[in-house]
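Worksheet for the structure shown next.
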Amino acid sequence: TSWALKVLDSHPAVCGCHEPFHQLASDESMHALFEKLKAGTASSDDAKRLVDATIQACVETHKPPFFQKDFLRTPAFLRSAAWMLAKAARPTEPIFRYLATGHLNETHRLVIKNRPFPGLDRVLQAIRAEALLLLRHPCGVVSSWLKGIQMGVMDASSLDVNNVWELYSHLIEPIGFTRAQLSTFSPAGMLAVNWLVDTLLFRQYENS
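Residue 936 is where the sequence shown ends in this note's numbering, and the numbering goes up by one at each step.
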């Protein structure tokens, strides 16, 4: 998914954001807003708030290489320098945010995911976006997932046994897992179970 994003982001008219929903991992108000979107109860202002937060340049989610952009006045090399400075000295992050955040139009939005999750269709409808779903090899998914959680740019709820069971027991039980078994799994084991769930959800989306 990161590679696919960078290919698209190389175009001068595209604003690419790695892990666009990373705010959910640390901001409770963003998490609550996202849940409203998934439930289909969010307003147009709620959807705009999520989009605005997503495209806000962030040291953790906007990564080199940077490309020349039609909607930014700053050259790519200057954004790269500001990004490296912000990585070294976090108080300077507002400089990078100012240089790398663009004012975008409503032309088109695309969300690239390696996992369709319940409510994704409602989120896409609310923010007026389409989805590109890429099914990856399980080892690659688990490795990226663990690294993202450790870096704090991905939601760690996928490691919470109670949360996973509450959301996906209707998919997990039929393939032979119990809540008690999940509680004995390592983080990698829990994410492997999540990958199985993703595969089942992916097939549901594919069939629909």
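All C-beta atoms, glycine included, are put in the ideal place defined by N, C-alpha and C.
Practice task
Give me the Cα-Cα distance between residue 889 and residue 905, rounded to the nearest whole angstrom.
Solution key: Rounded to the nearest angstrom, the gap between the Cα atoms of residue 889 and residue 905 is 12 Å.
Handout entry: Contact set for residue 835: own chain, Cβ-Cβ below 6 Å, skip 5 residues either direction
Key = So no residue of the chain qualifies.
Practice task
Give the single residue among 857, 777, 907, 848 whose Cα lies nearest to the Cα of residue 926.
Solution key: The shortest C-alpha to C-alpha distance from residue 926 to any of 857, 777, 907, 848 is the one to 848.
Exercise for the section: Rounded to whole angstroms, what's the CA-CA distance from residue 841 to residue 881? Just pull it up for me. Expected result: So the two alpha carbons sit approximately 15 Å from each other.
Handout entry: Sheet register partners of residue 860 (DSSP bridge)
Key = Looking at the DSSP output, residue 860 bridges to 840.
Practice task
Pair every Cβ in the segment 790-802 with every Cβ in the segment 825-833, then say whether three or more of these pairs are closer than 8 Å.
Solution key: Segments in contact, yes.
Practice task
From the DSSP output, in three-state form, read off residue 855 for me.
Solution key: Residue 855 falls in the coil class under three-state DSSP.
Handout entry: Residue closest to residue 769, alpha-carbon to alpha-carbon, out of 853, 885, 781, 730
Key = For residue 769, the nearest C-alpha among the options comes from 853.
Exercise for the section: Please classify residue 743: does DSSP put it in a helix, a strand, or coil? Expected result: Coil.
Handout entry: Three CB pairs or more closer than 8 Å across the segment 804-812 and the segment 764-781
Key = No contact exists between the segment 804-812 and the segment 764-781.
Handout entry: Inter-residue Cα distance where the pair is residue 812 and residue 785
Key = The straight-line gap from Cα to Cα measures roughly 14 Å.
Problem - Same chain only: Cβ atoms within 8 Å of residue 796, ignoring 5 sequence neighbours per side - result: Only 740, 803, 804 meet the Cβ criterion.
Exercise for the section: Determine the direct distance from the alpha carbon of residue 809 to that of residue 894, and round the result to whole angstroms. Expected result: Distance between the alpha carbons of residue 894 and residue 809: 45 Å.
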